[in-house]
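Numbering (the working numbering), first residue to last: 1210 to 1642.
Yeah, the Cβ is synthetic: ideal placement off N, Cα and C, and Gly gets one too.
Since the model is a prediction, treat every value here as computed from it, not as a measurement.
Contents: one structure, followed by commentary.
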């Protein structure tokens, strides 16, 4: 009887010693396998990201229209986006380290507060008719500093919240938000610019940042699910690079990221220029044109969230960039607005495949304890965009926006072919999580 009693007590013991959330523990609970739409923490991060992304795309279109109206310079339009992306290249490697050292909720709230202040300042200066191009450039650079932190911190939080099994779906749904806002943002930006100028566009942007801030207030402070790491930042970055050297597919994923950000993404900066200078569209119509890329990205992201399987991630990632660059060569010389819009729709679908798979592939192919460092390295690769924007801007000043976009896209296709030969694993099956 005593033996039976002992076994019964032992059988019950795990229940008595299971770890549980205390009343004072406000950290994020371990990821579960319930539907993502039922996960409150995921939804908070998703909605906050959606409002912030709406503001970002709204600002980018409004800035492009404003700078081209004031200067008639395609190179300066590209320079504004270059300034916004420059901090990612300079400081992106530290974004993951910031997430490792500090409370991530506070980090995100701080960046949103900073963006709110920038938007209010730019909107106020525009309302007073005191806004200049150099002030817009400075605001773009400071906004880029905030993005250095926002990108790796929020994406890593999503991974912590949902776990590896749902990571692809979470990233696809996050891309749905980003893609939808790339449609809504330019539409709002073009409409408000036509009605209320830069002041209206940036004050709405400030309201979006305020909403994102309010949503994140309900998020618990998050400590992450990886192991705590000490030591110097340089040592941990070195550890991340050591992992990168051991995993060829990660090298290929990051190489494709560089290709897209140097030769693909900069082309979007020319949409306001081509819309006004080639298609002869008004600001509202430019906003509608730019929103087609966002619509395509939204449709692509929804399809990915519903149908994409982990074994397809690498193919979707690689051929998303290939299709984007191929379609861009045609878009650059279209003189029919409807056809241009259809091509931007295709560009958006292609970008969705790239964007959704990018972070998922990095996280899935990186050991858990090195994820933050690798997200920082990914941020640096994304930060290579200013090189492409400077290249595109210089070509645009020499040959015009359309020819410059064609040259850049063809260069990108050539480099992408080299990447495929160097890392053939990019077009292989991604192992299941």
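For residue i, which of helix, strand or coil comes out of DSSP?
i: residue 1330; result: helix
i: residue 1280; result: helix
i: residue 1543; result: coil
i: residue 1257; result: helix
i: residue 1427; result: coil
i: residue 1286; result: helix
i: residue 1575; result: coil
i: residue 1583; result: helix
i: residue 1375; result: helix
i: residue 1337; result: coil
i: residue 1528; result: helix
i: residue 1489; result: coil
i: residue 1521; result: helix
i: residue 1640; result: coil
i: residue 1592; result: coil
i: residue 1303; result: helix
i: residue 1474; result: helix
i: residue 1312; result: coil
i: residue 1448; result: helix
i: residue 1383; result: helix
Return yes when the C-beta of residue i is under 7 Å from any heavy atom of the ligand HEM, and no when it is not.
i: residue 1329; result: This structure lacks the ligand HEM, and indeed carries no ligand of any kind.
Straight-line CA distance for residue i to residue j?
i: residue 1433; j: residue 1584; result: Low confidence applies to residue 1433: its pLDDT is 48, below 50, so where it sits in the model is not reliable enough to give any reading.
i: residue 1384; j: residue 1263; result: 12 Å
i: residue 1586; j: residue 1381; result: 21 Å
i: residue 1361; j: residue 1318; result: 14 Å
i: residue 1347; j: residue 1292; result: 8 Å
i: residue 1633; j: residue 1520; result: 15 Å
i: residue 1515; j: residue 1638; result: 19 Å
i: residue 1531; j: residue 1627; result: 12 Å
i: residue 1537; j: residue 1389; result: 21 Å
i: residue 1273; j: residue 1480; result: 9 Å
i: residue 1572; j: residue 1375; result: 12 Å
i: residue 1541; j: residue 1615; result: 6 Å
i: residue 1528; j: residue 1344; result: 39 Å
i: residue 1421; j: residue 1260; result: 6 Å
i: residue 1386; j: residue 1253; result: 12 Å
i: residue 1582; j: residue 1449; result: 5 Å
i: residue 1463; j: residue 1562; result: 15 Å
i: residue 1429; j: residue 1324; result: 22 Å
i: residue 1316; j: residue 1300; result: 16 Å
i: residue 1412; j: residue 1256; result: 19 Å
i: residue 1630; j: residue 1472; result: 18 Å
i: residue 1311; j: residue 1405; result: 40 Å
i: residue 1371; j: residue 1251; result: 7 Å
i: residue 1544; j: residue 1426; result: 47 Å
i: residue 1397; j: residue 1416; result: 13 Å
i: residue 1266; j: residue 1280; result: 21 Å
i: residue 1337; j: residue 1275; result: 15 Å
i: residue 1484; j: residue 1535; result: 20 Å
i: residue 1613; j: residue 1548; result: 19 Å
i: residue 1560; j: residue 1364; result: 17 Å
i: residue 1512; j: residue 1246; result: 17 Å
i: residue 1221; j: residue 1248; result: Note that residue 1221 scores a pLDDT of 40, beneath 50, so its modelled location is shaky; the value from the coordinates is reported in the next line. Answer to the nearest angstrom: the Cα atoms are 30 Å apart.
Near residue i, which residues of its chain fall below 6 Å by C-beta distance, leaving aside the five closest residues on each side in sequence?
i: residue 1566; result: 1522, 1525 and 1526
i: residue 1580; result: 1572
i: residue 1507; result: 1388, 1389 and 1392
i: residue 1359; result: 1320
i: residue 1475; result: 1597, 1598 and 1601
Which same chain residues, not among the five before or five after residue i, have their C-beta less than 7 Å away from its C-beta?
i: residue 1550; result: 1498 and 1501
i: residue 1486; result: 1610
i: residue 1468; result: 1530, 1621, 1624, 1625 and 1628
i: residue 1340; result: 1331, 1334 and 1407
i: residue 1640; result: none
i: residue 1269; result: 1290
My understanding is that residue i touches residue j, with C-beta atoms under 8 Å, so please give their C-beta distance in whole angstroms.
i: residue 1491; j: residue 1403; result: 7 Å
i: residue 1503; j: residue 1558; result: No, residue 1503 and residue 1558 are not in contact; Cβ-Cβ is about 11 Å, not under 8 Å.
i: residue 1592; j: residue 1297; result: 3 Å
i: residue 1320; j: residue 1355; result: 4 Å
i: residue 1595; j: residue 1496; result: Going by Cβ atoms, the distance from residue 1595 to residue 1496 rounds to 25 Å, so no, they are not a contact pair.
i: residue 1351; j: residue 1327; result: 6 Å
i: residue 1539; j: residue 1552; result: 6 Å
i: residue 1458; j: residue 1635; result: 7 Å
Taking the alpha helix (DSSP H) that residue i falls in, what are its first and last residues?
i: residue 1365; result: 1342-1371
i: residue 1621; result: 1610-1631
i: residue 1483; result: 1480-1486
i: residue 1461; result: 1457-1468
i: residue 1514; result: 1492-1516
Hey, is residue i's beta-carbon within less than 8 Å of any beta-carbon in chain D?
i: residue 1573; result: Absent from the structure is chain D; it holds one protein chain and no more.
Kindly list the residues whose CB is nearer than 8 Å to the CB of residue i, restricted to its own chain and excluding five residues on each side of it in sequence; keep chain order.
i: residue 1456; result: 1574 and 1575
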